[in-house]
Each structure stands twice: as C-alpha cells, then as structure tokens.
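Visitor: One structure follows; several queries about it will come next.
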Ligand SMILES: [Zn+2]
C-alpha cells in the first residue's frame with residue numbers, strides 16, 4: 001500500500017514525472033519543447049500539462065480538478081490559457097502577434113498564463129522570429145509549451161531557449177486515450193466518458209480501461225492512507241472501505257469483460273457511475 005505509485009505505474013512516462021518534478025520543486029522552465037518524432041499526437045499530453053500548470057492546488061501527479069482554475073479549464077473558458085495551431089500546419093504571424101498582445105494586456109491581471117503552440121517545426125521564418133521575440137522578452141509568468149514532431153526543423157535560436165522533453169516512442173508513450181482517462185479521474189461530472197472517441201476505445205478495450213482505473217483508485221487509496229496516518233486526532237479517521245470495495249468491483253468487472261455476450265457499454269457505464277458516487281463521497285467528506 002505504501003509503494004511509490006508514481007514510479008511503478010507504466011502509464012506515467014518519464015516525461016510526465018519530469019514535469020511533475022518541475023511543478024513540485026517550483027522550477028518550471030519558461031518554455032518547454034515537447035518533441036515526439038514518431039508523430040504521435042501530443043494534444044492530450046500538453047493539455048494535461050496546461051491544466052496542471054494552471055491548477056491552484058496542483059498535486060505531484062496532476063491538476064486537482066476541483067479548484068476554480070480547474071473548473072474553468074474543464075469548461076474550456078480559462079482566460080489564461082491559449083492554444084494555437086495543429087500538428088502539421090504552421091501558425092500565422094498575425095496569430096502570434098495577437099497572442100503576444102493578449103498576453104501583454106492580461107499579464108497584470110492574474111497569475112500564470114499557459115500557451116500551447118502546435119506544429120512549431122512547421123513555422124515559417126517570420127512566424128518563428130515573432131515567437132523568438134516572445135520567448136526572449138517574457139511577459140509576466142508565462143509558460144510556453146511548444147509541440148513538434150521534427151526537432152531538426154526547429155530554429156536553433158528557439159530550441160535553445162526551451163527545456164526539451166523528448167517523448168519516447170513505443171510502449172512507454174502514454175496514448176492520448178490513456179491520458180484522457182487519467183484526466184477523467186478528476187473530472188467530477190465525468191463528461192469525458194461521453195466523448196464518443198474515448199467511449200469507443202473503452203468499449204473496445206475494457207480490460208485496458210479497467211486496468212487504468214484500477215491503477216488510479218490504487219493511487220487514491222495510497223494517498224488517503226498517508227493522509228489518515230498524518231492525522232493527529234484518531235477520531236477524525238475516515239474509512240477507506242468504499243475505495244477498497246470499488247477496487248474489488250473493478251477486478252470483478254475485468255473478469256466479466258472477458259465473458260462472451262456481455263454488454264460492455266453497460267458494464268463500463270455501471271463502473272463509471274460507481275466512480276461518480278465515490279467522487280461525490282470524497283467531496284462531501286472533503287477527503
Ligand atoms: Zn486545480
């Protein structure tokens with residue numbers, strides 16, 4: 001129960017751990033360059049990072065999902081979050097200029113601002129120069145997350161101003177879907193379950209989806225165990241029973257998922273409803 005959950009879970013790539021260390025040690029670089037040369041989509045990973053950066057009560061493994069900032073982020077209305085471009089196209093110079101203007105206008109109003117720029121390896125020289133200027137003259141507490149597929153194609157003057165995170169290809173890479181599942185963990189309304197792409201994947205791979213959930217609940221139990229041990233007054237102790245029961249239910253669902261003729265959608269839905277109940281219980285008892 002006391003294992004280091006962050007290091008044992010295969011879903012957390014070394015890159016996520018590194019990012020977590022930047023957050024927990026309060027030494028977040030001003031600009032990060034995420035490179036995935038095998039061409040995998042980095043949107044989910046960078047979104048996870050952005051939420052984490054903006055969260056008012058970040059944990060060692062991600063955003064809290066409950067603070068005002070997280071709620072704004074989930075509602076896609078966070079005023080300090082900017083995202084531009086697509087993986088395979090260049091962003092226009094007007095967009096970069098507009099971004100810099102927006103950052104200048106709002107920097108004084110709030111805390112950290114986060115900018116995701118996709119397809120930096122496709123930037124035309126003029127756009128790259130505009131970005132370079134922004135990186136050279138940072139405004140307020142801005143963190144830039146630059147995404148690219150080909151490191152060689154990025155202007156050296158830009159990449160030299162970034163801390164590089166090479167995302168390993170192959171099995172270590174958390175798939176976007178797994179990342180979405182991880183984010184789902186802290187979405188109280190579980191809206192993500194109703195995103196067709198994710199739902200389709202979970203129904204097609206119930207074992208993998210349940211394994212991710214199992215891991216997340218195990219991490220939560222570990223966290224709560226530490227919390228309980230740290231309590232000075234034993235009468236304040238709370239029960240871990242509902243969480244442990246839920247891990248049993250996940251194990252049983254894993255067995256059921258392999259049975260022929262089982263309705264996987266119903267099975268997964270029932271698990272998610274139970275999870276929702278547990279999340280509500282956590283909030284009520286402010287665990
Ligand atoms: Zn938060």
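In the numbering used here, the protein residues as written are 1 to 287. Cβ atoms here follow ideal geometry from the backbone N, Cα and C, with glycine treated the same way.
Within 10 Å of its beta-carbon, does residue 268 have 16 or more other beta-carbons around it, so buried, or fewer, so exposed?
Guide: Taking the chain shown and counting its residues from 1, the one referred to as residue 268 is at position 268. Counting Cβ neighbours within 10 Å, residue 268 comes out buried, since at least 16 surround it.
Visitor: In whole angstroms, what separates the C-alpha of residue 277 from that of residue 26?
Guide: The residue you call residue 277 lines up with position 277 of the chain shown. The residue you call residue 26 lines up with position 26 of the chain shown. Distance between the alpha carbons of residue 277 and residue 26 is about 34 angstroms.
Visitor: Over what stretch of residues does the alpha helix (DSSP H) that includes residue 254 continue unbroken?
Guide: Here residue 254 is taken as the residue at index 254 of the chain shown, counted from 1. Per DSSP, residue 254 belongs to the alpha helix (DSSP H) from 241 to 257.
Visitor: Could you give the distance in angstroms between the alpha-carbon of residue 120 and the alpha-carbon of residue 128?
Guide: Counted from its first residue, the chain shown places residue 120 at position 120. Counted from its first residue, the chain shown places residue 128 at position 128. For residue 120 and residue 128, the distance between alpha carbons rounds to 8 angstroms.
Visitor: Look at the Cβ atom of residue 288, then the Cβ atom of residue 48, and state whether they are nearer than 8 angstroms.
Guide: Past the boundaries of the shown model lies residue 288; the chain is included only from 1 to 287, so the question cannot be answered.
Visitor: Looking at the secondary structure, which residues open and close the alpha helix (DSSP H) in which residue 103 lies?
Guide: Counted from its first residue, the chain shown places residue 103 at position 103. Segment 93 to 106, the alpha helix (DSSP H) holding residue 103.
Visitor: Grab the span of the beta strand (DSSP E) containing residue 164 for me, first residue to last.
Guide: If you number the chain shown from 1, residue 164 lands on position 164. Residue 164 -> beta strand (DSSP E) spans 163 to 166.
Visitor: Return the CA-CA distance between residue 280 and residue 219, expressed in angstroms with no decimal places.
Guide: Against the chain shown, residue 280 aligns to sequence position 280. Against the chain shown, residue 219 aligns to sequence position 219. Distance between the alpha carbons of residue 280 and residue 219 is about 18 angstroms.
Visitor: Measuring straight from C-alpha to C-alpha, what distance separates residue 275 and residue 60?
Guide: For the purposes of this step, residue 275 is taken as the residue at position 275 of the chain shown. For the purposes of this step, residue 60 is taken as the residue at position 60 of the chain shown. Each residue's alpha carbon lies about 22 angstroms from the other.
Visitor: Which of the three DSSP states, helix, strand or coil, is assigned to residue 187?
Guide: Translated into positions along the chain shown, residue 187 becomes position 187. With a pLDDT of only 48 at residue 187, under the threshold of 50, the placement of this residue in the model should not be trusted, and no figure is reported.
Visitor: Quick check on residue 161: buried or exposed, where buried means 16 or more other Cβ atoms within 10 Å of its Cβ?
Guide: By one-based count along the chain shown, residue 161 stands at place 161. Result: buried.
Visitor: Once DSSP output is grouped into helix, strand and coil, what is the label at residue 117?
Guide: Translated into positions along the chain shown, residue 117 becomes position 117. In this structure, residue 117 counts as strand in the three-state DSSP scheme.
Visitor: Short of 7 angstroms in beta carbon distance, which residues of its chain neighbour residue 15, apart from the five on each side in sequence? Order them along the chain.
Guide: If you number the chain shown from 1, residue 15 lands on position 15. Answer for residue 15: 165, 167, listed in chain order.
Visitor: If you measure between the beta carbons of residue 130 and residue 96, is that distance less than 8 angstroms?
Guide: For the purposes of this step, residue 130 is taken as the residue at position 130 of the chain shown. For the purposes of this step, residue 96 is taken as the residue at position 96 of the chain shown. A contact, by the Cβ cut-off of 8 angstroms.
Visitor: With a threshold of 7 angstroms (Cβ to nearest heavy atom), would residue 69 be considered close to ligand 1?
Guide: The residue labelled residue 69 in the question sits at position 69 within the chain shown. Result yes, Cβ under 7 angstroms from ligand 1.
Visitor: Examine ligand 1 and report whether any of its heavy atoms sits within less than 7 angstroms of the Cβ of residue 215.
Guide: For the purposes of this step, residue 215 is taken as the residue at position 215 of the chain shown. Not so, every heavy atom of ligand 1 lies at least 7 angstroms from the Cβ.
Visitor: According to DSSP, what are the bridge partners of residue 144?
Guide: The sequence position of residue 144 within the chain shown is 144, counting from 1. Per DSSP, 31, 115.
Visitor: For residue 250, which of 46, 271, 239, 56 has the nearest alpha-carbon?
Guide: Residue 250 sits at position 250 when you count from the first residue of the chain shown. Comparing Cα-Cα distances from residue 250 to each of 46, 271, 239, 56, the minimum goes to 271.
Visitor: Taking DSSP as the reference, what is the three-state secondary structure of residue 86?
Guide: Numbered from 1 along the chain shown, position 86 holds the residue referred to as residue 86. In this structure, residue 86 counts as strand in the three-state DSSP scheme.
Visitor: Name the two residues that bound the continuous alpha helix (DSSP H) containing residue 214.
Guide: One-based indexing of the chain shown puts residue 214 at position 214. Residue 214 -> alpha helix (DSSP H) spans 206 to 229.
Visitor: Should residue 118 be labelled buried (16 or more other beta-carbon atoms within 10 Å of its own) or exposed?
Guide: On the chain shown, residue 118 is found 118 positions in, with the first residue counted as 1. The residue is buried, with at least 16 neighbouring Cβ atoms inside 10 Å.
Visitor: Between the Cα of residue 242 and those of 156, 217, 52, spot the shortest distance and give me the residue it belongs to.
Guide: Position 242 of the chain shown holds residue 242. With distances taken between Cα atoms, residue 242 lies closest to 217.
Visitor: Indicate, with yes or no, if ligand 1 has a heavy atom lying under 7 angstroms from the CB of residue 111.
Guide: Here residue 111 corresponds to residue number 111 of the chain shown, with the count starting at 1. No, ligand 1 has no heavy atom inside 7 angstroms of this Cβ.
Visitor: Taking a contact to mean a Cβ-Cβ separation below 8 angstroms, would you say residue 207 touches residue 148 in this structure?
Guide: One-based indexing of the chain shown puts residue 207 at position 207. One-based indexing of the chain shown puts residue 148 at position 148. Cβ distance not < 8 angstroms, so residue 207 and residue 148 don't count as in contact.
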